[in-house]
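The next block holds one structure in the form of structure tokens; read it before the comments.
Protein chains: 2
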Amino acid sequence: MKLSDIYKNLRNDLQLIEQELGESVQSDFDALKHSSVHLLEAGGKRMRPVFVLLSGKFGAYNIERLKHVAVPLELIHMATLVHDDVIDDAATRRGQETVKAKWDNRVAMYTGDYIFARALTIAATIEIPEVHRVLSDAIMQMCIGEVEQIKDFYNHEQSIRTYLHRIKRKTALLMATSCQLGALVGEADRDTVRRLRLYGYYVGMAFQITDDVLDLIGEEEELGKPAGSDLRQGNVTLPVIYALKNGSNEDREAIIRYLKEGEEGRPLGEILQRVRQSEGIAWSQALAERYLNKAFSILEGLPDGEARSSLRLVAEFVGGRSY
Amino acid sequence: MKLSDIYKNLRNDLQLIEQELGESVQSDFDALKHSSVHLLEAGGKRMRPVFVLLSGKFGAYNIERLKHVAVPLELIHMATLVHDDVIDDAATRRGQETVKAKWDNRVAMYTGDYIFARALTIAATIEIPEVHRVLSDAIMQMCIGEVEQIKDFYNHEQSIRTYLHRIKRKTALLMATSCQLGALVGEADRDTVRRLRLYGYYVGMAFQITDDVLDLIGEEEELGKPAGSDLRQGNVTLPVIYALKNGSNEDREAIIRYLKEGEEGRPLGEILQRVRQSEGIAWSQALAERYLNKAFSILEGLPDGEARSSLRLVAEFVGGRSY
Chain A
0 MKLSDIYKNL
10 RNDLQLIEQE
20 LGESVQSDFD
30 ALKHSSVHLL
40 EAGGKRMRPV
50 FVLLSGKFGA
60 YNIERLKHVA
70 VPLELIHMAT
80 LVHDDVIDDA
90 ATRRGQETVK
100 AKWDNRVAMY
110 TGDYIFARAL
120 TIAATIEIPE
130 VHRVLSDAIM
140 QMCIGEVEQI
150 KDFYNHEQSI
160 RTYLHRIKRK
170 TALLMATSCQ
180 LGALVGEADR
190 DTVRRLRLYG
200 YYVGMAFQIT
210 DDVLDLIGEE
220 EELGKPAGSD
230 LRQGNVTLPV
240 IYALKNGSNE
250 DREAIIRYLK
260 EGEEGRPLGE
270 ILQRVRQSEG
280 IAWSQALAER
290 YLNKAFSILE
300 GLPDGEARSS
310 LRLVAEFVGG
320 RSY
Chain B
0 MKLSDIYKNL
10 RNDLQLIEQE
20 LGESVQSDFD
30 ALKHSSVHLL
40 EAGGKRMRPV
50 FVLLSGKFGA
60 YNIERLKHVA
70 VPLELIHMAT
80 LVHDDVIDDA
90 ATRRGQETVK
100 AKWDNRVAMY
110 TGDYIFARAL
120 TIAATIEIPE
130 VHRVLSDAIM
140 QMCIGEVEQI
150 KDFYNHEQSI
160 RTYLHRIKRK
170 TALLMATSCQ
180 LGALVGEADR
190 DTVRRLRLYG
200 YYVGMAFQIT
210 DDVLDLIGEE
220 EELGKPAGSD
230 LRQGNVTLPV
240 IYALKNGSNE
250 DREAIIRYLK
260 EGEEGRPLGE
270 ILQRVRQSEG
280 IAWSQALAER
290 YLNKAFSILE
300 GLPDGEARSS
310 LRLVAEFVGG
320 RSY
């Protein structure tokens with residue numbers, strides 16, 4: 000089975016979700032509609048709905064019920080993307096453009112709020128109280144994660160533990176929640192729900208670490224943005240933290256100067272080269288691998304079948320083992 | 000009965016709500032806690048909780064249930080205040096401060112998101128589906144209202160109808176929703192729910208029109224900000240729209256120049272004077288009065304008693320008739 004087979008198998012249900020995503024951001028107000036639809040068209044792998052549907056297969060699979068968590072989870076993911084873009088954009092524009100940037104940003108912020116509210120309206124139709132508790136708790140944790148990330152921008156003294164805690168909130172929690180809610184809505188048994196949530200968490204951790212590594216070693220064409228974008232924004236990721244702790248004194252000093260003074264301190268290219276040459280990349284990749292292995296072994300406790308194989312494949316894809 | 004008597008009568012229940020508001024924004028993360036608590040301490044009249052409690056008195060009054068809508072409604076109001084401040088702040092800072100402003104703004108945005116999510120967690124404990132439908136619909140309409148307001152900033156061609164539509168979404172809806180949800184949670188009958196919602200809507204409209212008038216005619220000391228702040232931000236309110244439509248050609252031209260060119264076109268002081276001398280103020284005050292009268296007459300259809308007298312008094316307070 001290939002990854003594309005998973006999407007093929009879920010095609011009808013994913014199409015339904017796609018349609019409901021489209022309908023959910025229709026609004027009588029043009030600006031909102033325009034920006035929401037634009038975001039939808041940007042597409043995406045719809046990983047969260049895929050997690051919901053595959054996890055739902057471990058219980059009583061009912062797409063009419065599952066879609067009421069799959070659509071909100073994807074909408075929440077979209078809302079966070081919109082909000083992530085809000086202020087970055089403003090900072091890059093200057094002078095004449097300020098007022099326009101300000102408006103665009105406000106529109107983006109309220110578009111995010113709208114998508115978020117829309118997500119919660121759809122989820123409100125599910126009558127299982129635990130679903131709402133889990134969902135709103137995940138959202139709160141994500142918000143805390145965002146603020147933590149801001150606090151640690153450009154901070155060269157953060158620990159690996161801090162990093163892991165941050166990406167848990169930023170990424171892994173929503174994936175864990177997607178699996179958990181799919182299983183809960185399918186009314187799977189407690190142990191299955193617990194295993195699927197853990198699976199989502201491990202895959203989410205591996206996904207974010209892999210993504211952070213790619214940002215440092217990938218090529219611009221492949222990434223769709225220049226390499227080192229995270230560092231440029233002050234986002235100190237795992238390989239960099241590793242290099243700061245275990246690299247040579249020269250590496251350490253160069254990275255600190257870049258974090259403190261930007262390009263005026265040291266060129267980003269040099270920093271990238273130092274991090275690439277440190278053991279931080281291999282160490283991070285190994286950690287991602289360990290999370291993936293945990294995901295594989297937690298899956299072992301679930302009944303064998305197509306859904307389990309599919310989840311295994313998704314994990315392999317996330318770890319960059321297959322495309 | 001005076002307005003302070005209403006607060007005195009509701010004291011125990013409002014204290015409980017105040018306490019739960021405090022607890023709801025406690026978080027293990029300092030920055031979030033700090034900004035949320037700061038917002039709480041800024042206080043406020045807690046109008047939305049007051050509407051919930053007074054409306055709840057028309058059904059089976061149960062503070063343990065009512066607080067699960069009163070607290071979220073106040074939190075949603077707070078979240079919108081936080082988000083309203085986000086980008087304004089960024090635009091006023093320059094140079095060195097940009098990065099800090101950017102971070103502060105991001106923190107503010109995610110603080111708003113967090114408070115918003117917190118509100119929905121608390122509301123999730125109410126098992127009446129209509130409550131969730133009404134609440135999330137109100138939030139979506141508010142977001143649309145915010146975007147509409149942005150679209151119409153500095154627009155001198157907007158109609159009174161556009162203005163009324165905007166303040167409905169911006170202010171009146173959440174007050175209408177507060178009354179409606181108080182009645183719904185108290186399981187009041189259909190007609191009572193309908194009347195209370197309408198009451199909240201009329202009072203909300205009167206409240207916002209009065210607030211917009213005060214911004215134009217009030218003194219800085221009384222307002223806590225310079226008069227004409229709305230206009231300076233490009234927010235064209237009812238008296239200004241009226242003056243644009245019915246004022247002299249000179250008034251009209253002066254206002255348009257200010258909206259197009261700011262202080263470089265015409266000084267704000269001159270514009271304020273023109274609007275104050277136009278009939279726009281009196282006309283707006285008369286419209287607010289008409290909304291209040293509608294609120295009074297919709298109350299007539301409800302059973303007489305302390306709750307009804309209190310709602311009448313709140314309306315009078317809103318209309319500036321009593322303090």
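Protein chains in written order, with numbering that gives the first Met the number 0: chain A, 0 to 322; chain B, 0 to 322.
Don't be surprised by glycine CBs; every beta carbon is placed ideally from N, CA and C.
Every value quoted in this text rests on a predicted model; they were computed, and no experiment measured them.
query: Option nearest His76(B) by Cα separation, candidates Met46(B), Gly55(B) and Ser296(B); result: Met46(B)
query: Chain-order list of residues whose beta-carbon lies under 6 Å from that of Tyr201(B) (same chain, five-residue window excluded); result: Tyr290, Lys293 and Ala294
query: Selection of the region 219 to 248 of chain B by Cβ proximity to chain A, strictly under 8 Å; result: none
query: Where Glu147(B) falls, given that 16 or more other Cβ within 10 Å makes a residue buried; result: buried
query: Cβ contact check for the region 197 to 216 of chain A and the region 151 to 158 of chain A: 3 or more pairs under 8 Å; result: no
query: Cβ of Tyr113(B) within 8 Å of any chain A Cβ; result: yes
query: Neighbour list for Tyr109(B) in chain A, Cβ cutoff strictly below 7 Å; result: Cys142, Glu145 and Val146
query: Reduced DSSP category for Ala90(B) - H, G, I as helix; E, B as strand; rest coil; result: In this prediction, Ala90(B) has a pLDDT of 44, which is less than 50 and means its spatial position is unreliable; what the coordinates show is noted afterwards. Ala90(B): helix per DSSP, three-state reduction.
query: Leu119(A) at chain B interface by Cβ criterion, 8 Å; result: yes
query: Short CB-CB distance (under 8 Å) between Thr91(B) and chain A; result: Residue placement at Thr91(B) is flagged as unreliable, the pLDDT there being 43, under the threshold of 50; the coordinate-derived value follows with that caveat. Thr91(B) does not count as touching chain A.
query: The region 10 to 21 of chain A in contact with the region 301 to 319 of chain A per 3-pair CB rule at 8 Å; result: no
query: Contact set between Arg132(B) and chain A, taken where Cβ atoms lie within less than 8 Å; result: Thr120 and Ala123
query: Separation of Leu183(A) from Asp142(A), as counted between CA atoms; result: The question names Asp, but residue 142(A) is Cys in the sequence shown. Roughly 24 Å separates the two Cα atoms.
query: Three CB pairs or more closer than 8 Å across the region 166 to 176 of chain B and the region 248 to 265 of chain B; result: no
query: C-beta neighbour in chain B for Ile138(A), strict 8 Å; result: yes
query: Assigned secondary structure, Gln272(A) (DSSP; H/G/I helix, E/B strand, else coil); result: helix
query: Cross-chain neighbours of Arg47(B) in chain A, by beta carbon under 9 Å; result: Simply none; closest approach about 17 Å.
query: Secondary structure of Glu17(A), DSSP reduced to three states; result: helix
query: Option in Ile159(A), Val81(A) and Val70(A) with minimal Cα separation from Ile125(A); result: Val70(A)
query: Interface residues of the region 263 to 283 of chain A facing chain D [CB-CB below 7 Å]; result: The chain labelled as chain D is not found among the protein chains of the depicted structure, namely A and B.
query: Three-way DSSP call (helix, strand, coil) for Ala116(A) in this model; result: helix
query: Closest residue to Lys44(B) among Leu65(B), Leu9(B) and Gln140(B) (Cα-Cα distance); result: Leu9(B)
query: Endpoints, the alpha helix (DSSP H) within which Val235(B) is located; result: Run containing Val235(B): none; DSSP gives neither H nor E here.
query: Closest Cα partner of His82(A) within the set Arg160(A), Asp188(A) and Asp112(A); result: Asp112(A)
query: Backbone CA spacing between Leu312(A) and Thr209(A) [nearest angstrom]; result: 16 Å
query: Closest Cα partner of Pro302(B) within the set Asp4(B), Leu53(B) and Asp12(B); result: Leu53(B)
query: Residue from Ala314(B), Gln284(B) and Lys150(B) with nearest C-alpha to Gly233(B); result: Lys150(B)
query: Cβ of Ser135(A) within 8 Å of any chain B Cβ; result: yes
query: Cβ-based burial, Lys66(B) [other Cβ within 10 Å; buried from 16]; result: buried
query: Proximal chain B residues relative to Ala116(A), where beta-carbon distance stays under 7 Å; result: Ser135, Ile138, Met139 and Cys142
query: Presumed contact (8 Å Cβ cut-off) between Gln207(A) and Ala171(A), rounded CB distance; result: 7 Å
query: Per-residue DSSP class, three states only, for Gly246(B); result: coil
query: Span of the alpha helix (DSSP H), counted from its first residue to its last, around Ser54(B); result: Met46 to Gly55
query: Residue-level contact to chain B via CB, Val106(A), 8 Å cutoff; result: yes
query: Option in Gln276(B), Pro266(B) and Glu63(B) with minimal Cα separation from Val239(B); result: Gln276(B)
query: Whole-angstrom distance between Asp188(B) and Ser296(B), CA atom to CA atom; result: 19 Å
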